[in-house]
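Read top to bottom, the protein sequences are chains C and F. According to this note's numbering, the stretch in the first sequence is residues 34 to 401, in order. According to this note's numbering, the stretch in the second sequence is residues 3 to 1135, in order. Here a beta-carbon is modelled for each residue, glycine too, at the ideal position from N, C-alpha and C. This structure is a prediction, so every number in the text was calculated from the model and none was measured. Just below is one structure, and these are the notes that go with it.
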Amino acid sequence: MMASGYNAKEEDGHHSGAPGNGGAGAVKSKKPDNTAFKQQRLPAWQPILTAGTVLPAFFVIGLIFIPIGIGLFVTSNNIKEFEIDYTGIEASSPCYNCAQNYSWNSTSSCTCKVPFTLEQPFESNVFMYYGLSNFYQNHRRYVKSRDDSQLNGDLTSLKSPSKECDPYRTSDGLPIAPCGAIANSLFNDTLELYHLSNGTRTAVVLMKKGIAWWTDKHVKFRNPGGNDNLTLAFQGTSKPVNWKTPVFELDPNDPDNNGFINEDFIVWMRTAALPTFRKLYRIIQKKVDAPTLASGKYELEVSYNYPVRSFDGRKRVILSTISWMGGKNPFLGIAYITVGSVCFFLAVVLLIIHHKYDNRCSSADIPN
Amino acid sequence: MVKQHFSPQLTWEVRANCRPRYARGRRRSFLCFRWGRYAAIPAIASLRWYTNAIPLILVLTVRGLKDLATDLARRKSDSQINSRASDVLDSKSFCTVQWKDLCVGDVVRIHKDQPVPADLLLLCSSEEYSLCYVETADIDGETNLKYKQALSITHNELTSEPSEKSLADFDGVVWCERPNNRLYAFRGHLRWRGEDHVLNNDHVLLRGTVLRNTLVAYGLMIYAGADTKILRSCGKLRVKSTHVDRLLNKMVIGIFAFVLLTSLLMAVGHGAFEGQVSRFVPALSALTVNGDPVYSAFLTFWSYVIVLNPLIPMALYISFDVIHVLHSLFINWDVEMRWEKKDSPARARNTSLNEQLGQVGHLLSDKTGTLTQNHLLFRQCCIAGRVYGDASISVEETQQMDLSWNPFASGQLSMWAPELVQLLRARQCPIVSEFFTALALCHTVMPEQSKGALLYKASSPDEEALVGAARDLGWVFHSRRRDNLTVLELGVTREYQLLATLEFTSQRRRMSILVRDPEGGLKLYCKGADMVVLERLQAGCPCLESTERALESFAQTCLRTLCVAVRCVPEELWDCWSEVLTDAATMATGERDAVLEALYGAMESQLLLLGATAIEDRLQEGVPETIALLREAGLKIWVLTGDKTETAVNIGYFSKLLDPDTRLLGGQELREVLRSADPGYSASSSRQGDAWCVNMKTARAKTALVISGPELAEFVQEPGTGAKLIGLAAQCQSVLCCRVTPGQKADVVTLIRKHSRSITMAIGDGANDVNMIKTAHIGVGIAGVEGGQAVQNADFSLAQFRFLQRLLLVHGRWSYRRITFFVLFFIHKTCNFALVNIWFGFFNGFSAQSMYENWFIAMYTSLYTSIPIQLYAFFEQDVSAESSLRSPGLYRPGPLDRLFNPLTIAAMLAQTLFSSLVLFFIPYGVFQDSPLGYQTLAVTVSMADIFCVDAELLLLTRHWTAFNAVFLCIAFGFFFIVSRITQQPRLFQLAPADYFFVGVSENAFADPLVWLTALLAGVTAALPALFVFVFNVLLSGPDTHRVHSLAGPRPVELRSKVRRIDSGRRPSGVASRVSSSKGAAAPASGGPPHHPHPHPHHPHRLPLLEDKPTVDGAGVELSVPFIGRRLLPAIGK
C-alpha cells in the first residue's frame, strides 16, 4: 500500500575525524560515543506519505468493513429468535394475575401458562434465555455485594462472609450462604416448555447443565467441603432472605448441580452489563431426525415467583438458534456497514479536497 | 564611637585580628521534593489501593530520586569550595585553614594565582608600593589584569618589619557599608592609630578574583561567604519552567476541576437514581447506604473521583522527566555539537527545558567571545598614508613572513608585508620606526617573562594584538617599571622615562603616554578612535587624506581601527603642564575630572599623524551562517554588547545580522519614533522619514535598531516606551544594543519577557552575561575556551556559537514536536480511557461502577500504552537533522506555539470525546439485551481501547525504529498476556477479591463477537486521527515531500561546507552603508583598551588556522540545486 523509503543511516564516519584512540585507553576523552542510538541515527523506516498512499486508507477500511457488516447482518438475520414477554402487565396476559398478586413474601407459588406458536421450525441447538429489563444488575453496590471467597468454597468466608455482602450478610445471627444482594435476588421463576401437537402436551427436554462457563463452574464456584453432603457443609448458615429453599436444595437430584455450583445460580451471579439483559436458562439439544423445535403450538409454563412490576421491569423468555456469533445481533452488522460507508464517504471527500488543493498548489508552485 | 564621624551608612564594623561574632555564611542544601509541581494532584485513595497508588508511588519515587541526586551534587560542589585551603594569620604565624573556617576580621595571605576567598581589604603585598594585580574574569568576564593598591600607610607600616609580626599587631578598624551587591563601589574608612583613612574600591580584593603577577598579598577580611559582593550580586536562583510545562499544569488543574465537577454531576444523578429508580428495585433498594439517597450520592461523589482519577495523567510526569533527561543526553552525546579542537561537547545542564529550545523567538547574544573569538589579529596598518598588509586575504592564506631575524617573533603575525619589514630593518623611514615605537610604548600592557618567553598581560585584546605585532616586527616591549619602559628596537635596548599616562576612558576614546626618550626629547604618543585623533592633528598634517581612505577601506573589511599619532612636546610646556597636573591631584573628585579633561586635551593636540592600525576581531567559525539560518527560522536576534556602537554595527554586518542594505535606526531618530503615539506610521515626521514610511512594511523588515546603553536605560525607565520598543523591534530585522552593562542586559531580557509572549534565549560566555542568562527563559553559556560563570549559570553550554543552529533547529525542534505530541497523545489516551466510565454511568444508575478491571486500569497507563508513546517521544524525527538544518522554516511553528496551544488542546479533547463515546456506545449496542455479562463488556471495551490507542500510535509515529515497532507489538501483546495472567484461576484462588475477573478473558478472547466489537469500536474511535492524518498529508503533502526528498541521498556535507566559507571578505556595499549611517553609527573605528572583553584569554593559544577549506565555485554549485532559494542568501553574494 504505502511507498516507503528505507532510511538506514549508517554509523556515519565523517564526524569522527580522528581515529578513535579508545584502544590506547589512557586518555579519557569527553568525546561522546558515536553510536547510532546516541547520535539519533538509529536505522528507521520512515514511510513516505503522499496523497496516493494515504487516501486509499479510507477506501480500504470501507472495503473491509462493509463486507464484514453484510456478513454479520446476514448471519444475524438467519438466526431464528422468538421472544415471549410474560411479565403480565396487560390484563389480557395469562400472567396478569400472578403479576398483580405476587411479592417476595408470598409463600405459595403462582403458575401461569403462556401459549405461543412457532411459525418456523428451529433447527440445531436452541438456547432458551430469560430476559429482564430495567434491572440494574450493573449497579456498583449490587455488583460488589458478593463474597467470591465464600462462593469459592472457603470455609472461613462461609461462616463469616465479607462485609461487602451487607445488608445480606447475616440473617437471624447466622451467616447467609450465599451472601450478598446478587445471590439474594436470584431469578427464581421456573420455566417449562410444552409442545402442543395433536392435543397432546409433551414437555420439551430442557438441559439445565452446560449453560455456565466452564471456568465459573469449575474454578470460581465451589461448594465448601466438596459436593457430598451439602446439607452438612452448609450447616450453621442461613438461606438468603428471599430464597424459598436453602442453597443446598437448588437441585437436590444432581449433586453436580447443587449448592454453589448450581448453574442457574452461577449464570445469575455473572452480572449483566446493562440494565436490559438476557441470561441463558436452558439448552434444547438438537434431535437427530427432526427439527429441535418443530413449528407449531407451544405452551410456556411459568411458576411466577419473581416480581418486577415495582420497577416497570419486563420478563421475557427468548428462544433462539445460535450461530458462530452467538445469538441474534443485528446492531453489529449495521454498525459495520455504517462505519464502512462513512469511511467511503470520507475517502471521497478527501479525494475531492485533494484534487482541489493539488490543482491550486501546483498552479501556485510551478511559476516559482 | 568612631561611627558618628562618618556617614551613617557605614555601619559594618570589622576589627582586624579579632575573631568576631558574625554569623558565617555557609550555604546549606535542603532535601526537598518538589511538591509544588503536584499541587494539582492530591494523593487519592483508589479503586483497589494499587490501581492508582502504583503510578503515584512511581512518580514520587522518581522525582524524589532525581531531586536527591541534584541536591547531592550541589552539596558536593559546595563542600569542595568550602574546603579549599587558605593561609590565615593565627597570632604570629600563618596556618592553613579551610575556606569555611575563615572569619571576618582575619588577616589572610594569598599567593600568586590563588583565588581570593572573600572580600578583602588589601593591606600590603610583596610588590612595590603594595600593588597587586588581579584577574576579574569570574566577576565581569574581563581577562585583563587590574591592579589594586594598598593604602600607603598600611604599605609603609606593614612591610617595613617582618610581615607576620607587624600584621599580627595590626589593629585597625574598618567601617564600611553593609554587605551589598555593588561590585564596583566600596566606601569605607580605616581607623588605625588614631587616624582615619578613606577606603575605596581600589583597596579591595573581591572574592572571585584571582591574584596574578603578585607573589603574595595580605588582606583583611571584610565580607565573607554569602556577604561577599559576588554572591550578593548573583541573584536568586530561579526555577525555570517551560510554556508546555505551565500549560500542562493548567491543563491538569483543568482536568482535576473537570473530575470534580463531573463527579458532582454524577453524584447528583446518582441521588436522583436512588430516589426515583433504585427505590423500586427490590434488589437495589436495600443497598442504598443508610437508606438515604443523599448520603449515597455523597459517597458516590468520592467514588467517581476515584473512578475518574485515571483522567489525571500522573504517569505523564514521570514520562515527562524521563523524556527530558534522554533529550538532554542526546544533546550531550551529539558529536556534531562537540568542538573537536577543545574536546568540549555540548551540555544540557538543565534537563527540563528541552522543548523550549524549539520555541525560541528571541535570541539575545553577547558579542565578544560569543560571536567573535575574542582573538584579535593585527592584519593591516597604514603608515604615512601607505597601506601594508592585505586583509582581504584570509588569515589562513596569508603567507608567513620570514621573521627569523627577530628572536622575539612569535610566528603568529598574520600579515604579509615584506616591504614593511624591509623598511623597518633598514631604518630608512623614521616615520615607520616612530609608528612602531608608539605601538610599543602607548599601552598599559604588563610584560611577563616566563620560561624565556615574553608574555603580555593586556587589559584588552586590542592592546595585546598591537604590542604583539610591534614585537614581531622588531619593536619589542620588554619591561615596565614604575617610571620607565624598556623597548628593544631591533635588538637595541632603549629606555624611555615614563612621565605621564593619559589613560583611556570611554568618553575620551583615546589614550596617550608622555615619555622622555633616551636622547632626552619629550614625546607624546597617542592612539585612539580615528574621529577623536583626527580632529587633534596639527594643521597641514601630511598623508591625512590617504590615511582616511585607508581607514575607510579597513572599515569595509570590518577591521577595528585605531589612529596613532605623536607629538614632540616642548620642555617648557611639560613643566607648566606637570605643575597643573600635580595641583589637580589634590582637588575634589568632580572638579578634578573637569580639570584633567582640559589638561589632557591641551596636551593631546597639535598631533602628528603616524598612521592607523587595523585589527581583525575574528568571528567564530560559522557565525554568519548560523545567524542567517536562525533569522530564516524566524528568530529575532538581539546583540547586546558592552562594545562601542561602531564595532557592534560592523560585527553586525559581518555576521549577517544586518544585510548590506539594512537601514539602521538609532539615536535621536529612534527616540522620535518611539515617542510618537504610533510607532508604526508617525516616523514620517522625522527627518529622513519619506522613504521610511512609503513602504513601511518592507522598510521595517530591512531595518535594524541600534540602541546604546544610556538610551536603553531611558527606554526601560519610561513607562510605555518599553512596549513600543519591543513592538518596533518585532517588526525589525534585528537589534543591536551597545555599551550595555550586565544589569542592562538582564533588563532587556526582562523587557522582552514582559512585552512579548515569545521565548527568550540568552547566550553569552562571560560573567557579565550571567544576569542575562539567568533572566532569560533559556540561558546558554559558551564554554569553548574556559568554563566560567556563564556556563555555571546557564541551562545549556555550547563550545561554539555555531552549535546553536543544531541545538535549536534540530534538538529543539525535535524536542518540541516530540514532547508536545507526547503530551497531547498521553492526555488523549488517558482521557478517552477514563471518560468511558462517565458514559457507562448513565446505564448503571450513576453508581460509579468502573468500566474496567482494576488490573487493566493499573496497567493501561503504565504498561500497555506508555512505552510506545514514550519511545515515540524518544526517537521521533519527522524530518532528519539535515533537513531541519536545510529548511529552517520548519522551525517556525515552535515559536508560534502552533502545536501546543489551547486550540490544539481543544481539538484533542474533541477527538477524545468522540473516541470515548465510540468506545462505549459501539459495545453498548452489541451488549444491549445480550447474554454477555458486565465482565465481558469490560474486557471488550478494554480491548477496543487498546486497539484505538495502538492504531493512533501507528498513525502518529512517522519514524519507525526497531524499538518503536517491537515495543508497540510488545505493548499490544502484553494486553492479551497480562489479561490472561491476571484472570487465571491460580491467582483467583490466592486472592479472590483482587482477581475476580477469573476466566473472563479466556472466554471473551474465544468469542468472535467480542473481537469484532472491539475492532469496530477501536477503529472507529481512531477514525478522527486517521482523518487528520490523511488531511495533513494532503495539505502539507508537497512541502514534506520536498523535505523528505531532500533528506534522501543528497550530500549531507552541505552544511559543513557552507559553514566553512571564509568569513574574511565583506560583501561590497557595506562600506557605503556604514558611512551613510553615520548619524546612528559611525564607521568602525579602533577600540582602545578598557571595554569589557569577557573572555579568558591565553596568549599562547594557537590561532585558529587549521584546515578551513573555503568553498570553491564547484562546491557551491554542487549544493545549490538542493537548497533552492532558501540558502542562497546564506552562502553569500
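Residue from the options with nearest C-alpha to residue i
i         : options                                     : result
Thr-615/F : Ala-600/F, Glu-466/F, Val-1030/F, Ile-754/F : Glu-466/F
Ile-333/F : Glu-618/F, Arg-351/F, Arg-594/F, Cys-740/F  : Arg-351/F
Ser-168/F : Val-118/F, Thr-156/F, Ala-586/F, Asp-749/F  : Thr-156/F
Gln-375/F : Trp-335/F, Arg-620/F, Thr-563/F             : Arg-620/F
Gly-781/F : Ala-567/F, Asn-356/F, Asp-73/F              : Asn-356/F
Asn-167/C : Tyr-314/C, Ala-306/C, Lys-320/C             : Ala-306/C
Thr-370/F : Phe-303/F, Thr-643/F, Ser-396/F, Leu-313/F  : Thr-643/F
Tyr-119/C : Thr-248/C, Cys-145/C, Pro-324/C             : Cys-145/C
Pro-308/C : Val-341/C, Leu-239/C, Val-107/C, Phe-115/C  : Val-341/C
Ser-396/F : Ala-152/F, Leu-415/F, Val-176/F             : Leu-415/F
Val-200/F : Arg-180/F, Val-212/F, Ala-152/F             : Ala-152/F
Gly-476/F : Asn-486/F, Tyr-498/F, Phe-438/F             : Phe-438/F
Gly-711/F : Cys-734/F, Cys-739/F, Asp-173/F             : Cys-739/F
Cys-198/C : Leu-352/C, Cys-212/C, Lys-192/C             : Cys-212/C
Three-state secondary structure assigned by DSSP to residue i
i          : result
Val-98/F   : Note on residue identity: the sequence assigns Thr, not Val, to residue 98/F. Strand at Thr-98/F.
Leu-1025/F : helix
Ser-157/C  : coil
Lys-113/C  : coil
His-205/F  : helix
Leu-1036/F : helix
His-1092/F : Legend: pLDDT at His-1092/F = 37, less than 50; position of this residue unreliable, value from coordinates given subsequently. DSSP places His-1092/F in coil when its eight states are reduced to three.
Tyr-390/C  : helix
Tyr-458/F  : strand
Glu-159/F  : helix
Gln-430/F  : coil
His-1136/F : As displayed, chain F neither begins before 3 nor continues past 1135, which places residue 1136/F out of reach and without an answer.
Thr-628/F  : helix
Thr-984/F  : helix
Residues that residue i contacts on chain F, provided the C-beta gap is smaller than 9 Å
i         : result
Lys-196/C : Here the premise fails: no neighbours, minimum Cβ distance about 11 Å.
Residue i: contacting residues in chain C (beta-carbon distance under 9 Å)
i         : result
Asn-356/F : Chain C residues near Asn-356/F: none, gap ~13 Å exceeds 9 Å.
Asp-336/F : Pro-65, Lys-71, Gln-72, Gln-73
Partner residues on chain F for residue i, Cβ-Cβ distance less than 8 Å
i         : result
Ser-218/C : Pro-284, Ala-285
Pro-340/C : Pro-284
Closer than 7 Å at the beta carbon, the chain C residues around residue i
i         : result
Pro-626/F : By Cβ distance, chain C contributes nothing, its closest Cβ being about 22 Å from Pro-626/F, past 7 Å.
Gly-935/F : Arg-303, Thr-304, Ala-305, Ala-306
Under 8 Å by beta carbon: chain C residues contacting residue i
i         : result
Ala-288/F : Pro-200, Tyr-201, Ala-214
Trp-962/F : Ala-77, Trp-78, Gln-79, Pro-80
Tyr-926/F : Leu-307
The ligand MG heavy atom lying under 7 Å from the CB of residue i
i         : result
Gln-358/F : As far as ligands go, the structure on display features none, and thus does not contain the ligand MG.
Partner residues on chain F for residue i, Cβ-Cβ distance less than 7 Å
i         : result
His-387/C : Leu-1036
Three or more beta-carbon pairs under 8 Å between the segment 826-836 of chain F and the segment 268-276 of chain F, yes or no?
no
Quick one: which residues of the segment 973-994 of chain F get their C-beta closer than 8 Å to a C-beta of chain C? List them in chain order.
Pro-987, Phe-990, Gln-991, Pro-994
Taking any Cβ of chain C, which residues in the segment 839-856 of chain F have a Cβ under 7 Å from it, in chain order?
Phe-845, Asn-846, Gly-847, Ser-849, Ala-850, Gln-851
For the segment 856-869 of chain F, which residues have a beta carbon sitting closer than 7 Å to at least one beta carbon of chain C?
none
Which residues, taken in chain order from the segment 999-1018 of chain F, show a beta carbon closer than 9 Å to some beta carbon of chain C?
Val-1000, Gly-1001, Val-1002, Glu-1004, Asn-1005, Asp-1009, Pro-1010, Leu-1011, Leu-1014, Thr-1015, Leu-1017, Leu-1018
If the cut-off is 9 Å on Cβ atoms, which residues from the segment 247-265 of chain C count as contacting chain F, listed in chain order?
Trp-247, Thr-248, Asp-249, His-251, Val-252, Lys-253
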